[in-house]
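Asker: Reading the sequence shown from the start, the letters are residues 73 to 402 in our numbering.
Ideal placement from N, C-alpha and C gives every residue a C-beta, glycine not left out.
Since the structure is predicted, the reported quantities are computational estimates derived from the model, not experimental observations.
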Amino acid sequence: MAAEQLVEVWRGDILECTHAGHAVVCNAAGEIVESWGDPDTVILPRSSAKMLQALSWVETGAADRAGLTDAHLAVACASHEGEAIHTDLVRRWLGDLGMSEGDLRCGVQSPWNRDLRNEMIREDAPLCQIHNNCSGKHAGFLTAMGTFGGDAEYTEVDHPVQQAVKANFEEVTELASPGFGVDGCSAPNYATTVKGMAHAMAKFANASEDGDARERGMARLTRAMASHPALVAGTGRACTELMEAAGGRIALKFGAEANYVAILPEQGLGISLKITDGATRGCEAVIAALLVRLGVLEADHPAVQKRMNVPMFSRRGIPAGRVVPVAGLR
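1) For the stretch 203-215 against the stretch 250-260, do three or more pairs of beta-carbon atoms, one drawn from each stretch, fall closer than 8 Å, so that the two count as touching?
2) Is the CB-CB distance between residue 344 and residue 398 below 7 Å?
3) For residue 222 and residue 229, I'd like the C-alpha separation in whole angstroms.
4) Compare the Cα-Cα distances from residue 356 to each of 342, 338, 376, 337 and report the closest residue.
5) Thinking C-alpha only, which one of 220, 73, 92 is nearest residue 80?
6) Bridge partners of residue 77, per DSSP?
7) Just how far apart, CA to CA, sit residue 129 and residue 349?
8) Since residue 67 and residue 264 are thought to touch, with beta carbons under 8 Å apart, how far apart are those beta carbons, to the nearest angstrom?
9) Any heavy atom of the ligand ATP closer than 6 Å to the CB of residue 293?
10) Decide if residue 195 is buried, meaning its Cβ has at least 16 other Cβ atoms within 10 Å, or exposed.
11) Using only the alpha-carbon positions, how far apart do residue 382 and residue 292 sit?
12) Take residue 302 as the anchor and find which of 270, 295, 315, 294 has the nearest alpha-carbon.
13) Starting from the N-terminal side, write out each stretch of the beta strand (DSSP E) that is 3 residues or longer and does not extend beyond the stretch 356-394.
14) In terms of residue numbering, what span does the alpha helix (DSSP H) encompassing residue 157 cover?
15) Quick one: is residue 147 buried, meaning 16 or more other Cβ sit within 10 Å of its Cβ, or exposed?
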């Protein structure tokens with residue numbers, strides 16, 4: 073099956089552009105509730121897989137042994153803006169491990185937050201790896217080394233930490249990964265299908281804090297993200313604003329190149345989607361539409377309208393068009 077047109081960009085009354093992709097809503101049994109495009113399309117989920125990467129060590133009890141709070145787990149799943157709430161937490165976490173920024177292997181990155189980035193430029197403040205949007209995930213990898221062992225180069229694909237991530241990833245998606253790519257933060261990112269990710273998210277949605285170690289880990293990570301939306305992304309970001317709009321009832325995670333996943337505990341469902349051209353505006357429109365479709369959010373909520381019915385203006389402020397999900401999603 074081919075990708076399906078999911079988002080339309082209208083300029084006046086003329087359809088100027090479309091974004092196609094694949095989306096799956098799945099239950100914990102692995103049954104597809106609804107889908108668009110091809111559920112079996114192989115994707116690199118990028119940062120939308122961070123909950124699965126963290127689960128590999130949270131379920132072992134490593135988080136408890138390190139004294140980590142839900143805030144730590146939320147930033148472990150984050151693609152953060154590099155704001156103080158993110159960097160201060162990661163810096164303290166590394167210190168509690170007896171480590172420092174130099175132990176990270178994610179690479180130096182400018183903060184995604186524009187105001188902070190401009191301020192750092194004006195002050196000629198040095199950048200470091202803690203500003204990397206994946207620094208929380210990497211603090212988690214360093215924590216995992218206390219359980220899995222291995223040398224300092226924990227992003228290598230044959231490192232015990234990454235082998236544990238892979239084994240966990242395949243078990244939870246219930247699919248053998250066909251391969252991996254090197255993510256922007258240098259860690260392996262394992263491939264799976266859109267349905268595989270939706271099934272995994274549905275397992276998170278149905279996990280019980282009274283279940284086995286894996287279920288408890290899933291439930292705790294879901295709770296951590298839902299209760300700390302600002303740590304998962306940051307100011308103005310879709311993950312943060314849509315989770316805030318839902319009042320702690322869902323967990324959402326964006327991944328680079330237009331991946332998105334959602335965990336819906338009240339419905340017992342998981343969502344995964346991929347826009348094939350990698351457009352962020354496309355995947356944000358689709359996730360907002362699906363959350364409305366499934367009764368999680370109201371269509372007129374400002375955080376939803378900001379993504380699902382996006383007005384376009386000329387540089388003089390003249391209304392020019394709109395970005396909307398296709399009618400079949402709305």
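Answerer: So, from the listed chains and residues:
1) yes
2) no
3) 12 Å
4) Residue 376 is the option with its Cα nearest to residue 356.
5) 92
6) 92
7) 33 Å
8) Coverage of the chain is limited to positions 73 through 402, which leaves residue 67 absent and any answer about it impossible.
9) With respect to small molecules bound, the structure shown includes none, and the ligand ATP cannot be examined in it.
10) exposed
11) 34 Å
12) 315
13) 382-385
14) 156-168
15) Buried, since its Cβ has 16 or more Cβ neighbours within 10 Å.
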